[in-house]
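Numbering follows this note's numbering, with no gaps: position 53 of the sequence shown is 38. The C-beta atom is built at its ideal place from N, Cα and C for all residues, glycine as well. Let me begin by presenting the structure, written as structure tokens, before commenting on it.
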Amino acid sequence: MAKTSAVEKNKRRRETVARDAEKRAALKAIIKDQKLPIEERFRATLKLADMPRDGSKTRIRNRCQVSGRPRAYYRKLGMSRIALRDLGNTGKVPGIVKSSW
């Protein structure tokens, strides 16, 4: 079995989350509805537990689009601080100028 990179795993997780979002939301609504009988809510809990773990939105990790680095991620730019610095130093990011003092 070939090793998959963390970037590929994260991409697969995003696809799984998008695919399962509607079903997960419906099951969670059943679980939270206090008007339904406890047996029905428990069955919904079991169905939710049987779904793939990677279908949960909390399993997605923000990763740099350039390097795949998961730490020091700037959401607005979609990249890590290191990739931002490298691209900024070469003048490939508009509006960023290297300062020196």
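Might you give, ordered along the chain, the residues of its own chain that have their beta carbon closer than 8 Å to the beta carbon of M64, omitting 5 neighbours on each side?
C49, Q50, V51, S52, Y58 and L72
Can you name the start and end residues of the alpha helix (DSSP H) that T30 belongs to?
I23 to D35
Between the CA atoms of G40 and R(-1) - distance to the nearest angstrom:
Each residue's alpha carbon lies about 8 Å from the other.
How about N74 and K61: are their beta carbons less than 7 Å apart?
no
I need the straight-line Cα distance from A(-9) to K20, nearest angstrom please.
42 Å
What is the residue span of the alpha helix (DSSP H) that N74 lies within?
R66 to N74 is the extent of the alpha helix (DSSP H) around N74.
With the cut-off set at 7 Å, would you say L12 and L33 are in Cβ contact?
yes
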